[in-house]
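Trainee: Per my numbering, residue 8 is the first one in the sequence shown, and the count goes up by one each step. All C-beta atoms in this analysis are idealised placements derived from N, C-alpha and C, irrespective of residue type, glycine included. Because the structure is a prediction, the values reported are computed rather than measured.
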Amino acid sequence: MELLPREGVMLMQVSLPIIDGYLPDKYGKYATNDNKYNGQPSLSFPIKLTDLPIGTVTTALVMLDYDAIPVSGFTWIHWTAANIPATMLEIPEDASQNNTFKMIQGRNSTAGGLVGATDPLQTQRYAGPQPPNKDHMYSLYVYALDTELPLKNGYWLNEFYQAIDSHLLNKVRIDFLSRK
8 MELLPREGVM LMQVSLPIID GYLPDKYGKY ATNDNKYNGQ PSLSFPIKLT
58 DLPIGTVTTA LVMLDYDAIP VSGFTWIHWT AANIPATMLE IPEDASQNNT
108 FKMIQGRNST AGGLVGATDP LQTQRYAGPQ PPNKDHMYSL YVYALDTELP
158 LKNGYWLNEF YQAIDSHLLN KVRIDFLSRK
């Protein structure tokens, strides 16, 4: 886990359904066809949050694959979500596709020029791991924020980083693997 240093701030806790360091297959490349959209894994995993800092209004998350750099030439964005109410301490499985609470989602890497997908049900949702060359290490960042961000569905990751400037209370990183 990684925390941005801030004096007097307790480290929030994030729990994922990780087994022996790996994300279960149903959330990635080996998902069943009914858990894929356009051939891509679409069933997002549940996330449990505890010990949010005092003053947290919303949380946000970003899932990245740095092991994609040798394959695609850049870090692959798998999921971005923001404006998750601080009262939502258990983000349920499949929240990305069946968003039953107030959460906005940004674009993943399928929306970029390399893939060029245009369907928001693919480009603005969870895009599960599909490591092509080896088991990849994924990083999930969870942010505690003191405001609702001025973003709309379909935002780009750089817009998210600009929006959280001066609003970040806490940040945690969890790394996990997904198999080739």
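1. On the CB-based measure, 16 or more other CB atoms within 10 Å of its CB, does I3 come out buried or exposed?
2. Kindly indicate which three-state DSSP category F108 falls into: helix, strand or coil?
3. Please name the residue or residues paired with S22 in a DSSP beta bridge.
4. How would you call Y168, buried or exposed, if buried means at least 16 neighbouring beta carbons within 10 angstroms?
5. Give the DSSP bridge partners of V179, in chain order.
6. What's the gap between the Cα of L128 and the Cα of A88?
7. Applying the 10 Å Cβ sphere with the 16-neighbour rule, what's the burial state of T125?
8. DSSP state of L10, grouped into three classes?
9. Could you give the distance in angstroms between the alpha-carbon of M95 and the alpha-carbon of R186?
10. Where does Q169 fall in DSSP's three states?
11. Tell me where the beta strand (DSSP E) around A68 begins and ends.
12. Within 10 angstroms of the Cβ of S51, are there 16 or more other Cβ atoms? Answer buried if so, exposed if not.
13. Compute the Euclidean distance between the alpha carbons of Y44 and Q104, then round it to the nearest angstrom.
14. Which residues in the same chain as V78 place their Cβ atom closer than 7 Å to its Cβ, once the five residues preceding and following it in sequence are excluded?
15. Less than 8 Å between the C-beta atoms of W86 and L68, yes or no?
16. If you check the beta carbons only, do Y145 and L71 fall under 8 Å apart?
Mentor: Taking the structure as given:
1. This structure does not reach residue 3, given that the chain is present from 8 up to 187, and the question cannot be answered.
2. DSSP, read as helix, strand or coil, puts F108 in coil.
3. K55.
4. With fewer than 16 Cβ atoms within 10 Å of its Cβ, Y168 is classed as exposed.
5. V149, per the DSSP bridge assignment.
6. Cα-Cα distance, rounded: 14 Å.
7. Around the Cβ of T125, a 10 Å sphere holds fewer than 16 other Cβ atoms; the residue is exposed.
8. Residue placement at L10 is flagged as unreliable, the pLDDT there being 42, under the threshold of 50; the coordinate-derived value follows with that caveat. Looking at L10 - three-state DSSP - the assignment turns out to be coil, as it is neither helix nor strand.
9. About 30 Å.
10. Helix, per DSSP.
11. Looking at the sequence shown, residue 68 is not Ala but Leu. For L68, the uninterrupted beta strand (DSSP E) segment begins and ends at T65 to D72.
12. Flag for S51 reads buried.
13. Near 10 Å, if we compare the C-alpha coordinates of Q104 and Y44.
14. Taken in chain order, the residues that qualify are P139 and N140.
15. Here W86 is near L68, since their CB atoms are less than 8 Å apart.
16. Less than 8 Å separates the beta-carbon of Y145 from that of L71.
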